[in-house]
Structure formats: C-alpha cells, structure tokens
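**Student:** In this note's numbering, the protein residues as written are 444 to 532.
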Amino acid sequence: MVGAGDPEDAARDLVALVLTVVELLRQLVERQALRRVEEGDLSDDRVERIGTTLMLLDRRMTELREHFGLRPEDLNIDLGPLGTLLPVE
Numbered sequence: 444m445v446g447a448g449d450p451e452d453a454a455r456d457l458v459a460l461v462l463t464v465v466e467l468l469r470q471l472v473e474r475q476a477l478r479r480v481e482e483g484d485l486s487d488d489r490v491e492r493i494g495t496t497l498m499l500l501d502r503r504m505t506e507l508r509e510h511f512g513l514r515p516e517d518l519n520i521d522l523g524p525l526g527t528l529l530p531v532e
C-alpha cells in the first residue's frame, strides 16, 4: 500500500525508478551508437568518444546503484506477461 511504508523505503524506491529510466535510456543510446558504428556513419574519433562516454556512464550507474544499495536486477521492472523492461544480460 502506498504511503504505509517507511519514508526511507519510499525514497529508495523512487531512486530505483529514476535509475531504471536512466538505465533504459543508456541502453537505448548504446544500441543506437552500436548501430551507427556498424553502419560506418561515424569517424574513428567520434566512435572513440562515444565508447568512452558509454563506459563512463556505465561506471557511474554502477556507483549510483552501489551507493543506494541496489542491484542491477532491482532496476528491471517486471511487466507481467510482457516480461521485463530491460533485457537480461
């Protein structure tokens, strides 16, 4: 029931939701970048910058999850019969 829990639990759940959205966007951007690399649309410099940026974002996401005591699977919302929001890696 909403509102019946501990405020710290509510804050943690909100952080998990925000990080889930950020992780979804990160994965979408990563897939788009990989597609563009495979198509040869990007210069070598651009490919390197994108790769570095994606690695840093992945590292930062890991730091944020650890800071808030969340595991990667905590960010993967179960959509019932549709499966999970994020692909299982």
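Yeah, the Cβ is synthetic: ideal placement off N, Cα and C, and Gly gets one too.
Taking the continuous alpha helix (DSSP H) assigned at ASP456, which residues delimit it?
**Tutor:** Element bounds for ASP456: 450-482.
**Student:** Please list the terminal residues of the continuous alpha helix (DSSP H) segment that includes LEU529.
**Tutor:** Run containing LEU529: none; DSSP gives neither H nor E here.
**Student:** With which residues is ASP521 paired in a DSSP beta bridge?
**Tutor:** Beta-bridge analysis with DSSP links ASP521 to THR527.
**Student:** With burial defined as no fewer than 16 other Cβ atoms inside 10 Å of the residue's Cβ, what is the status of GLU506: buried or exposed?
**Tutor:** exposed
**Student:** Please classify LEU518 as buried or exposed, where buried requires at least 16 neighbouring CB atoms within 10 angstroms.
**Tutor:** Buried, since its Cβ has 16 or more Cβ neighbours within 10 Å.
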